[in-house]
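Residue numbers (this note's numbering): 1 to 550.
Cβ coordinates follow ideal geometry from the N, Cα and C atoms, glycine included.
For reference, the structure is listed below as structure tokens.
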Amino acid sequence: MAIGSEHKEMTPEKRWEREQKLRTYIVVGVLFVFVGLIVIRLMTVQIVNSAEYKVKAKRQYESRRPVSAARGAIYDRDMQKLATSLTLISFAADPNVFQKQEKKPGETHARKPENPERVADSLAKIFRKDRNDYLKKLKEKGNFVWLERNVPIDVAVKVTGMQLPGVRQIREKNRYYENLAAQVIGFTDRDNNGISGIEKQYDTDLRGTDGVIIMQRTATGKYYPAVDKPLVEPVDGNGLQLTLDMNIQAIVETELKRGLDAAGAQAGIAIVMDVRTGEILAMSNQPDFDMNKKGAYQAEAVRNRAITDTYEPGSTFKLVMATAATELEIRKADDWVFAENGKYRVFGQTIQDHEKLGKVTFKMAIAQSSNIIAAKTAMAIGPEKFYEYAHAFGFGEKTGIDLIGEVRGKLKPVKDWGKPTLPWMAQGYEVQVTPLQILCAYAALANDGVLMKPYIVKKVLSPDGDVIKENKPVEVREVMSKSSARYVRNYFKTVVDSGTGMAAAIEGLEVGGKTGTAQLLVDGNYRTGSYVSSFVGFFPVNQPEIAAII
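Here's what the structure looks like:
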């Protein structure tokens, strides 16, 4: 018997079955590879690049909308509002709505961008502005751009009713003023940031902190608050109670305007102070401006001249001479002095009086504002002592008032004086002062010789009205004794009773004060025909309460 292998030929059925299995293996293999690629891609999207895609998604479908904090109100001393915040309507847009969007997970196609041309045309028609300005804004990058701020209600209703895609309404806080004490209170910009005056000085207290709300956009372009995102509540700003009295301020502003018009003057200031505390009851500047018309003002009108502008005070500075002469017992009221018949030559220069006075009492010389007697008396006092009293009154240094922009003026040290300096400074020349400095000096005289620090903010109040901070009266220094102050006050009572200040007399009220006129100094030269005229006074003379300068 023979032994060997037996070869059997594969039937067609077997061959077909084998080919089918092979095809199945190939298809399954391809499917596994395809699934693997998908898994890898998903891992890349969800794990490796997840942060990037989340940012893109948020940028396209979420928007952070500010929730405006209310800026703190500003009140007068009796809690009458001088400045407050009102809610107004503004409009903004999400430029993403007008740009090609990436397809969101689960969507079959990307959302179609809105037409910016149509929106720009609609806005241009309503606001009567150039459509290209709006078109440029709608094509900016990001998800927020302002279109219009502080829109009138009737116009806002029209815009809202059009339901423009990507355009949203935002309620903002805007400042409203009573139009009093413009340069003192100042104003804010469109974003409610303090720009000048108290608004700038106390901006941190007043501003508050805006909140944030997350909005999500639907497929139709409308926005709704995100239910899973917390609202960051706004924190309203603190309020300020000022020392100003709204009624006194209104009277001062009216009378200052009337006086300037009558005199044909270019500018003027007026300040009223409580001599016992240093509280400013009124502070007015002319020309002024409409505080509710942002941008519609002249730069000159914004400046608070009461603290930023210096001038040679003229005869109001004779307070220094009168005080030093009394304290040092160089002159008494009834001392006879010779006024040289109106003309006096000293150190090669001529000093003149407006009246040709001969032999008069020292009190009458002050009442008639004799420059010659002021010069003679100052030379008897001497440079060092004269400077000492001038500095004690606060000249040459800031008063420290809580207002932005105060300057210190100019009081030269004695080493920089020439021979004519003393007799001319006694008349109110060769020294630069602010109106507030002069007022504070006379307030010290009225306050029995004690110089007070002026201030204008009485209290800082929480949004609920609780007192956070309260400013109290501050004594700076004693300039003269109480007896000297009462003695010198009578000099200035005579000025009003029978001297150059008779126009300031008030029936039934004892008023003391001093007039001052000095030629206007511009860039180191005196301008012919231009003068600074002033009056500073206090009342009642025996127990003064109020001092004022104009």
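Quick one: Cα of residue i to Cα of residue j, how far?
{"i": "K459", "j": "R190", "result": "26 Å"}
{"i": "K419", "j": "I381", "result": "14 Å"}
{"i": "I456", "j": "E470", "result": "11 Å"}
{"i": "D245", "j": "Q169", "result": "39 Å"}
{"i": "I271", "j": "T87", "result": "34 Å"}
{"i": "V414", "j": "N542", "result": "35 Å"}
{"i": "T515", "j": "D203", "result": "38 Å"}
{"i": "Q368", "j": "I198", "result": "40 Å"}
{"i": "I89", "j": "P234", "result": "17 Å"}
{"i": "A2", "j": "T11", "result": "Because A2 carries a pLDDT of 44, less than 50, the predicted location of this residue cannot be relied on, and no value is offered for it."}
{"i": "P165", "j": "V155", "result": "18 Å"}
{"i": "S196", "j": "A301", "result": "12 Å"}
{"i": "V495", "j": "A505", "result": "10 Å"}
{"i": "E478", "j": "A444", "result": "8 Å"}
{"i": "D274", "j": "A548", "result": "9 Å"}
{"i": "P95", "j": "N150", "result": "21 Å"}
{"i": "G524", "j": "Q432", "result": "12 Å"}
{"i": "Q352", "j": "D335", "result": "21 Å"}
{"i": "Y311", "j": "A120", "result": "55 Å"}
{"i": "R486", "j": "F393", "result": "16 Å"}
{"i": "N285", "j": "M480", "result": "31 Å"}
{"i": "G348", "j": "K363", "result": "28 Å"}
{"i": "K493", "j": "N447", "result": "15 Å"}
{"i": "G449", "j": "G409", "result": "22 Å"}
{"i": "P544", "j": "D416", "result": "37 Å"}
{"i": "P383", "j": "K482", "result": "24 Å"}
Count the other CB atoms, across all protein chains shown, that sit within 10 Å of the CB of residue i; report buried if there are 16 or more and exposed otherwise.
{"i": "G295", "result": "exposed"}
{"i": "N143", "result": "buried"}
{"i": "P473", "result": "exposed"}
{"i": "D466", "result": "exposed"}
{"i": "E6", "result": "With a pLDDT of 47 at E6, under the threshold of 50, the modelled position of that residue is not reliable, and the figure given next carries that caveat. Under this definition E6 is an exposed residue."}
{"i": "T209", "result": "exposed"}
{"i": "L509", "result": "exposed"}
{"i": "S85", "result": "buried"}
{"i": "V360", "result": "buried"}
{"i": "G529", "result": "exposed"}
{"i": "V522", "result": "exposed"}
{"i": "N304", "result": "buried"}
{"i": "K343", "result": "exposed"}
{"i": "N192", "result": "buried"}
{"i": "Q298", "result": "exposed"}
{"i": "I550", "result": "buried"}
Mind checking whether residue i and residue j have CB atoms under 8 Å apart?
{"i": "V167", "j": "L147", "result": "yes"}
{"i": "A339", "j": "A365", "result": "yes"}
{"i": "G499", "j": "G237", "result": "no"}
{"i": "L436", "j": "A306", "result": "yes"}
{"i": "V232", "j": "G211", "result": "yes"}
{"i": "I251", "j": "P454", "result": "no"}
{"i": "A390", "j": "V320", "result": "yes"}
{"i": "R554", "j": "T350", "result": "A question about residue 554 goes unanswered here, because the residues of the chain that appear run from 1 up to 550."}
{"i": "T308", "j": "G186", "result": "no"}
{"i": "T316", "j": "S534", "result": "yes"}
{"i": "V536", "j": "Y442", "result": "yes"}
{"i": "S68", "j": "K173", "result": "yes"}
{"i": "L461", "j": "G239", "result": "yes"}
{"i": "V407", "j": "I373", "result": "no"}
{"i": "S122", "j": "M79", "result": "no"}
{"i": "A518", "j": "G314", "result": "yes"}
{"i": "I553", "j": "T277", "result": "Residue 553 lies beyond the range of the chain shown here (1 to 550); nothing can be said about it."}
Considering only C-alpha positions, which residue in the set the options is nearest to residue i?
{"i": "P152", "options": "K141, F127, Q163, E140", "result": "F127"}
{"i": "Q99", "options": "G524, A120, Y75, K141", "result": "K141"}
{"i": "M379", "options": "Q349, C440, A426, P165", "result": "A426"}
{"i": "G268", "options": "C440, T434, V488", "result": "T434"}
{"i": "K356", "options": "S370, T84, F362, P113", "result": "S370"}
{"i": "L260", "options": "F362, V532, F538", "result": "V532"}
{"i": "P287", "options": "G314, P313, E255, R276", "result": "E255"}
{"i": "G194", "options": "Y429, F538, K482, A83", "result": "A83"}
{"i": "K81", "options": "A124, Y176, R131, L138", "result": "Y176"}
{"i": "N115", "options": "E329, I438, Q241, L138", "result": "L138"}
{"i": "A70", "options": "K398, V145, Q266, D205", "result": "D205"}
{"i": "T326", "options": "K112, N490, D290", "result": "N490"}
{"i": "D290", "options": "R527, K412, E178", "result": "E178"}
{"i": "V488", "options": "E430, F538, K112", "result": "F538"}
{"i": "E430", "options": "G400, F395, C440, I401", "result": "F395"}
{"i": "E397", "options": "P423, K385, I438", "result": "I438"}
Can residue i be considered in contact with the ligand MG, in the sense that its beta carbon sits closer than 7 Å to one or more heavy atoms?
{"i": "M364", "result": "Summarising the ligand content, the structure contains no ligands, and the ligand MG is consequently not present."}
**OP:** Could you tell me which uninterrupted beta strand (DSSP E) segments, each at least 3 residues in length, are contained entirely in the segment 299-377, listed from first to last along the chain?
**Re:** With a minimum length of 3 residues, the unbroken runs of beta strand (DSSP E) contained wholly in the segment 299-377 fall at 336-338, 343-346, 349-352, 359-361.
Subject >> Complete beta strand (DSSP E) runs within the segment 144-198 (minimum length 3 residues, chain order) >> reply: Within the segment 144-198, the complete beta strand (DSSP E) runs of at least 3 residues are 145-151, 167-177.
Original post:
Hey, which unbroken runs of the beta strand (DSSP E) at 3 residues or more fall wholly within the segment 476-525?
Top reply: As far as the segment 476-525 is concerned, its whole beta strand (DSSP E) runs of at least 3 residues are 512-522.
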